[in-house]
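Note sheet for the following structure.
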Amino acid sequence: MKKVITFIVGTLLCTGGVAQDIVKYPWLDTSKSFHERAVLLCKELTLREKVDQLGNYVTLDVKRDGVIILPSYQYWNEAIHGVARSGAATSFPESKGMSATWDRQLIYDCANVISDEARWYYLNKNKGLNYWSPTINMARDPRWGREEENYGEDPFLAGQLAVQFIKGFQGEQTQSNPYLKLVACAKHFAANNYEAGRQSTTSFVTERNMREYYLPAFEACVRDGGVKSLMSAYNAFSIDVNEKDANGIGYSKAHGGLPCSANKMLLTDILRNEWGFDGYVTSDCAAIACIHRATKHLYFGSYSTGSIDTGGSTASVHNPYKASTDEEMLMEARSTALAIKAGCNTNCEFKSQSSVYQRAGVNAVDPQFQKKDNMNYVNLTEEDIDNALIPLLETRFALGEFEKDLCPWNNLNNTLESEANRAMALKAAQESMTLLKNEGGLLPISTDKKVALIGPYANQIMLGDYSGTPTYTVTPYEAFAKKLNFELSKETRISKIAAVPFDEAVVSKRGAGSNDKGAGNLENTAPGDIFLYKNVDFGQEGCTNFEMSCGAKNTGVGSVSFVLDSKDGEPFLTVDNKDTGGWTKWATVSAAVDPSVVKGKHDLYVKFSGSQSYVGNYQYFNFWNPDVEQIPAVETQGPLYMCETSTNVNTVASQNMIDRAVEVAKRADVVIFLGGTNFDKPADHATGTESHDRWVLTLPGNQEEVLKALYAANKNTVLVLETGSSMDITWAKENLPAIVEAWYGGQAQGQAICDVIYGDVNPSGKLTSTWYNSIDELPKGSDSKFDRDGRNGMMEYDIDKWGYTYMYYGKAAHGRQASKPMYPFGYGLSYTTFEYSDMNLSGSSISKDRIINVTATIKNTGTRDGAEVVQLYANFNGQGNNATLNKRLVGFERVELKAGESKTVSIPVKYEQFGYFNETAHNYQVDGGKVTLELAASSADVRLTADINTVAGVAKETYISENTNGIETVENSRELQKTDHVYTVMGAYVCPASEYDVLPAGIYVLNGHKYIKKSR
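The number in our numbering is simply the position in the sequence shown, starting from 1, with 3 added.
The structure is reproduced here in structure tokens:
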């Protein structure tokens, strides 16, 4: 039955009949496909209106006769492990932790929960439905600042997990419900593993590394996941180390190649023509400006600058160049044309700012303006604008924006932070827990043991970056106290006051849950807020000194006042925040206080004031007397003890705190040290995050020094890590009896840690990245020809040359890698044991288009229920074109087994998984011969093997394969027109037709769209 909708989100109102409305607004006819409707709406728009849509921040409603036909829009949202930056939402482990579960169904289920909550935010808070998640860049180098966001170092595994996230996130489309729940975005395309210079450097890779390592996970997202958007990366990209940019600059300055947002090979030839992608591409934020800007790619060369109005208002978008130079206008038009022609549909800019596309798009189409460009880059047509816009409009139709009442996703029940969602977050945190060492069976422990929780994360959880703000969180101390039914005796607190927990939010504009989200600091304070800390003992001698740790930006920076016993009393102290440059970048504020006033026991009211919407974030408020030390009851009352040696992993614990921690350790039967990393940006780069790589793999601060002191006092010391990536924990591995990796585990992290320590949950996580023995095993600046400006060797993207990942570990060109890593890919222990038997192949050989099924029996031979991740590797035994490859993951299956139970697992393997990329033929081929299939508990723990014969052949073609029909051979310039121009397969300009004869043999692109072949 034909359905016709006569409104758009309550704003498009028509007075005429249905037939008239279809004529007037034909894109509202739901009998048409989403694509057809997008084309119809695009035809209705003027060029100016079309260009206005090409940014993540679309401020203008499009109207006809006073009726809104296309509402304003915001594309940019984040939800990598929970709806982020929006308020209360369920928080799951970061992607690195999720990948450690190797659980396809779990990742689907968690993404489904996230998308349900995101739909609630759309319906109730008018939040958008396009989310720029997940991050699926490969974990090539553990120093990468955004390691926490990815699914590991293996492209097959990353692709498998990302597909499940996308399917759960976008929802399943059916005949009765063709709508998308959300739009997912696979990012950052491609070879994006370096933060400090991400907006100005080129990732040089061989074509084989590109095809075998950096692209497969993205391909899986498109072909198998049906992802509807993709984000192009900041970096430039090239498969030719000698390629130069349009200004003639090459790799010696880390330039050369086309920025990914303007890379036709990536965005059109591979993504669309080869893989069949039918969604839209967004640039990373400000990436189009980075194409031409100084200090960034400077792709077209230097130019004079003025001042461009980048505001998002109508006046700014439509007249941005009032104070700019002609060269600036030309540069923005060049970048716009280059990127849109390459296949980048929209240009993200930072919120509330216009995009380069929005500012320069009309100029780039104007024939008169195009004549100003002597480099011939400004060459857009309105058809190019249409081709960029239609996929954007299509997703808005597919999300049900134009017929809210008909979209079934809008009928979901409100599950925001529901009990079921919280249970899912706990399940994810539990499955991610990875047991690295358990010498002598120290773990699990029994509840009759006295336990000391020591370290910076003893009473904190680390959610990770791009996080939601969950109302319900559990720290390790809270979970252990509940497990042991332990409560401190009621007595006063000492005057070193942790900012959270507070006893009462007397006034809280954003709600107490927003102020204490479990991250160990008081957050989101607003002018007028008041928090109460009861029964503070300032000591009989009184306090003389005050110090607080605050984090604030220029959108906050207010004052904090302290009042005794009554919220309406006079403050005895008022101090101003410091502008630290970030809400979690900490600085201390000190002051003197009067010991005759600040003495004895009092209720303390902390009041916040300021002229902005935020005041600041706080870790502690410390009143003290240097002549008197107060020891908190939590360090002396057992059987559960706690000592937070520092409030931040990057903070060096004082000798006094180490001494106190040692005394606490002596009181306990078992010590649990909880430490790791965070996403701060310290000067020593001991921790990493976006725009800030990690240059240290050892524990930040002096956590190892604390660990050594604790171990000297109590040999039953367990290390629990909360990290976003692999670490160098050489001393701990050699000395401590037990080590657990908890990752950035989401809101339930503390409970999951407790469950594993006591054996209520059997750990089943497996590493998805190699843990190197030390940073020396990675490329250094002195190893790399791309290194300049302190890049520390991180620009070496060819994994086969530099011993990256389990596939090539031990084969680094620098020769500094050991015979085996600290912990191998796929590694993780259990409290039970598993036996592998009866390996069987469904055939003895495999040829093109065939699938081999590998089966085996897995038995839980221990006394505890548990889960095993059965991994299947292909080992090429040093033969053929995969000779240098140690092995390759080709399948896996997670199986849950009761004690004594056996199950059969079946793992399918495709012909193409035995292949390699042939750089001459530009296709995937399989060598004929024998390959050993290894069933394993990790990449280094092989349990069973079986050989299979592979039949030689072409496994898969590409858009530029040697035997692809239709590529015309052009041997010399006489066969070209004088006005022709020649480009690389990535879209970089090479030369005019007159210079064609000097080019080497290869594949080229004529005039930006036609492939030609030069054979000599």
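Beta carbons: idealized from backbone N, C-alpha and C, even for Gly. Everything numeric in this text was worked out from a predicted model, so none of it was measured.
(request) With a 10 Å radius around its C-beta and 16 neighbouring C-beta atoms as the bar for buried, classify Phe221 as buried or exposed. (result) Flag for Phe221 reads buried.
(request) Out of Leu31, Thr953, Leu607, state which residue places its alpha-carbon closest to the alpha-carbon of Arg496. (result) For the residues Leu31, Thr953, Leu607, the minimum Cα distance to Arg496 belongs to Leu607.
(message) What does DSSP give as the partner residue(s) for His984 in the beta ladder?
(response) Partner(s): Pro995.
(message) I need the straight-line Cα distance from Thr345 to Ser264, nearest angstrom please.
(response) For the record, residue 345 in the displayed sequence is Ala; it is not Thr. Ala345 and Ser264 have their C-alpha atoms spaced approximately 8 Å apart.
(request) Taking Ala716 and Ala668 to be in contact with their CB atoms under 8 Å, please state how far apart those CB atoms are, rounded to whole angstroms. (result) With a Cβ gap of about 4 Å, Ala716 and Ala668 count as contacting.
(request) Compare the Cα-Cα distances from Phe405 to each of Thr313, Asn115, Lys499, Tyr76 and report the closest residue. (result) Here the closest residue by C-alpha is Tyr76.
(request) Buried or exposed for Asp852, please, with buried defined as at least 16 other CB atoms from any protein chain shown within 10 angstroms of its CB. (result) Exposed, since its Cβ has fewer than 16 Cβ neighbours within 10 Å.
(request) Please report the residue range of the beta strand (DSSP E) in which Val934 lies. (result) Unbroken beta strand (DSSP E) run through Val934: 932 to 941.
(request) In the DSSP assignment, find the unbroken alpha helix (DSSP H) run with Met810 in it and report its ends. (result) First-last of the alpha helix (DSSP H) with Met810: 808 to 811.
(message) Taking 8 Å as the threshold (C-beta atoms), are Ser728 and Lys190 in contact?
(response) Result no, Cβ atoms of Lys190 and Ser728 do not sit closer than 8 Å.
(message) Can you give me the C-alpha to C-alpha distance between Arg897 and Phe676, rounded to a whole angstrom?
(response) One C-alpha to the other measures close to 30 Å.
(message) At the level of alpha carbons, what is the spacing between Gln173 and Val186?
(response) Counting only the Cα atoms, Val186 lies some 6 Å from Gln173.
(request) Would you tell me roughly how many angstroms separate the C-alpha atoms of Met842 and Asn424, rounded to the nearest one? (result) Those two C-alpha atoms are separated by around 38 Å.
(request) Can you tell me which of the three DSSP states Gly753 falls into? (result) Per DSSP, reduced to three states, the secondary structure at Gly753 is helical.
(request) Starting from Trp627, trace the beta strand (DSSP E) both ways and give me its first and last residue. (result) DSSP places Trp627 inside the beta strand (DSSP E), whose first and last residues are 620 to 627.
(request) Kindly confirm or deny that the region 320 to 337 and the region 366 to 382 touch, where touching means at least three C-beta pairs closer than 8 Å. (result) The region 320 to 337 vs the region 366 to 382: in contact.
(request) Kindly confirm or deny that the region 461 to 474 and the region 642 to 652 touch, where touching means at least three C-beta pairs closer than 8 Å. (result) The region 461 to 474, when compared against the region 642 to 652, does touch it at the 8 Å Cβ threshold.
(message) Under DSSP, the beta strand (DSSP E) around Pro911 begins and ends at which residues?
(response) Where Pro911 is concerned, the enclosing beta strand (DSSP E) stretches over 905 to 913.
(message) Please tell me whether Thr953 and Asn926 are closer than 8 Å, where the distance is taken between their beta carbons.
(response) No, Cβ-Cβ distance for Thr953 and Asn926 is not below 8 Å.
(message) Let me make sure I understand the geometry here. Which of Ser449, Gly554, Leu43, Gly403 has the alpha-carbon closest to that of Val759?
(response) Out of Ser449, Gly554, Leu43, Gly403, Ser449 has the C-alpha closest to the C-alpha of Val759.
(message) Let me make sure I understand the geometry here. Which of Pro635, Lys684, Asp672 has the alpha-carbon closest to that of Met660?
(response) The shortest Cα separation from Met660 among Pro635, Lys684, Asp672 belongs to Pro635.
(request) Assign Cys347 to one of three DSSP states: helix, strand, or coil. (result) Cys347: coil per DSSP, three-state reduction.
(message) For Trp105, which residues in the same chain have their Cβ closer than 7 Å to its Cβ, ignoring the five residues on either side in sequence?
(response) Taking C-beta separations shorter than 7 Å and ignoring five residues to either side along the sequence, the partners of Trp105 in its chain run Lys769, Val872, Phe895, Arg897, following chain order.
(request) Could you work out which residue in Val993, Ser319, Lys374, Cys45 is closest to Val359 when comparing CA atoms only? (result) Residue Ser319 is the option with its Cα nearest to Val359.
(message) Quick check on the DSSP output: the alpha helix (DSSP H) that includes Ser435 runs from which residue to which?
(response) Residue range 422 to 435 is occupied by the alpha helix (DSSP H) that includes Ser435.
(request) Kindly indicate which residue of Val54, Ala949, Ile849 has the alpha-carbon position closest to the one of Ile393. (result) The option with the nearest alpha carbon to Ile393 is Val54.
(message) Please report the straight-line C-alpha distance between Phe789 and Lys247, rounded to a whole angstrom.
(response) The alpha-carbon of Phe789 is positioned some 14 Å away from that of Lys247.
(message) Which residue marks the beginning of the beta strand (DSSP E) containing Gly869, and which one marks its end?
(response) Per DSSP, Gly869 belongs to the beta strand (DSSP E) from 869 to 878.
(message) Between Gln633, Ser89, Gln980, which has its C-alpha nearest Gly545's C-alpha?
(response) Put simply, of Gln633, Ser89, Gln980 the residue whose alpha carbon is nearest the alpha carbon of Gly545 is Gln633.
(request) Can you check DSSP and say which residues form a bridge with Asp944? (result) Bridge partners of Asp944: Ser941.
(request) Mark Glu434 as exposed unless 16 or more other C-beta atoms lie within 10 angstroms of its C-beta, in which case mark it buried. (result) By the C-beta density criterion, Glu434 is buried, having at least 16 other C-beta atoms within 10 angstroms.
(request) State the DSSP-derived secondary structure class of His688, mapped to helix, strand or coil. (result) Coil.
(message) Using only CA atoms, which one of Asn548, Thr547, Ala555, Val539 lies nearest to Glu526?
(response) Each of Asn548, Thr547, Ala555, Val539 was checked against the Cα of Glu526, and the nearest Cα belongs to Ala555.
(request) Indicate the three-state DSSP secondary structure (helix, strand or coil) for Phe10 in the structure shown. (result) With a pLDDT of 38 at Phe10, under the threshold of 50, the modelled position of this residue cannot be trusted; read the value that follows with caution. DSSP places Phe10 in coil when its eight states are reduced to three.
(message) Considering only their Cβ atoms, is the gap separating Gly865 from Thr835 smaller than 8 Å?
(response) Annotated as proximal: Thr835 and Gly865, with beta-carbon spacing under 8 Å.
(request) Could you tell me the boundaries of the alpha helix (DSSP H) in which Ile294 lies? (result) Segment 290 to 295, the alpha helix (DSSP H) holding Ile294.
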